[in-house]
Amino acid sequence: MRESQDEKMNNNAENHPLSIEISLFYRLREENIRLVVVESEEKLRISVKQKAQEGDYSGAIALLDQLIESHPESAIDYNNRGLMYFWQGQFFQAIKDYNQAIELNKKLDQAYNNRANCYMAQGNWAEALTDYETAIDLNPANMKAWLNQGITLRELGLYDLALENFDLTLTISHRLQGRIYAERGYTYYLRGDWNCAIADYHRALSALPLTDKYRAYRQKVQEWLNQLINYSATG
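Its first residue numbered 1, the sequence shown is counted upward by one per residue in the UniProt record's numbering.
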């Protein structure tokens, strides 16, 4: 079957060196634009992290607003903005963002853990425990969820269950080991097992990093330890 005159002309035009060069130019331009956008978003995310570390949560939220406007389907951006609202004490707004993150990605364990923290701050213990359990089911290596679940059980006065939780957490991973020892120690203290508490406080101080991030927490554990030692000395 012969090509028509128009088909021949179209084929010749497509194969013309100038047409190929123009096509390549546009493809390269589109790729460059895409790379610029990706680089810009990466810089935004770095800036979000920096502002969060500096305590400028409003600034971090403003940057996350831009990211969400560009990518309304990004569950992690909603999760991160919710975290900023949580640190500002805006629990209702934080939960709203966590709900949206979970709606977009029902397997995002961080969002369940973070929403549980909001529920815990509001005193909604049952909702918090449910979300911690979901986070752990989705990701058994989510040590923050394990730790927070133990703290919640302790707040409810369920000391034995809290201790079992901390014991199990210590067998899963060495991450957050210092904090787990400290929180287990405080649970022993509340249950009246002072010797076990003192031993765990010592373990915690040995395991906690000597960094600015943990300075305040180390100081709190040291105060817990000193308090018990003083009680023991005067008792």
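From the three backbone atoms N, C-alpha and C, an ideal C-beta is built for every residue, glycine too.
Asked                                                                                                        : Found
N-terminal and C-terminal residue of the alpha helix (DSSP H) that N117 is part of                           : D109 to A121
Beta carbon of C196 nearer than 8 Å to that of Y188                                                          : yes
Closest by C-alpha distance to Y231, when choosing among I46, A126 and G192                                  : G192
Three-state secondary structure assigned by DSSP to E54                                                      : helix
Buried or exposed (CB count within 10 angstroms, at least 16 for buried), T234                               : exposed
Candidates P209, T211, L205 and L210: closest to V221 by CA position                                         : L205
Buried versus exposed, by CB contacts within 10 Å (16 or more), L225                                         : buried
4 or more residues per run - each alpha helix (DSSP H) lying fully within the UniProt repeat "TPR" (178-211) : 194-207
For L64 and Y78, the rounded distance between their alpha carbons                                            : 8 Å
Counted within 10 angstroms of its Cβ, other Cβ atoms place L210 as buried (16 or more) or exposed           : exposed
Rounded distance between the beta-carbons of W125 and L163, thought under 8 Å                                : Incorrect: roughly 18 Å between the Cβ atoms, too far for contact.
Residue nearest to residue 260 in terms of C-alpha spacing, selected from F92, Q88 and G150                  : Lying before the first or after the last residue shown, residue 260 is absent from the chain, which here runs from 1 to 235.
S70 in three-state terms, based on DSSP                                                                      : helix
Among Q90, I61 and E133, nearest to K107 - alpha-carbon criterion                                            : E133
Pairwise C-alpha distance: A101 and T171                                                                     : 30 Å
Among E73, A75, P72 and N80, nearest to S47 - alpha-carbon criterion                                         : N80
Residue nearest to Q177 in terms of C-alpha spacing, selected from L83, S40 and R218                         : R218
Beta-carbon gap between residue 249 and A75 smaller than 8 Å                                                 : Residue 249 lies beyond the stretch modelled for the chain, which goes from 1 to 235, so this question has no answer here.
Residue interval of the alpha helix (DSSP H) (run including L147)                                            : M143 to E155
Nearest residue (CA-CA) to Q88, options D56, E42 and R203                                                    : D56
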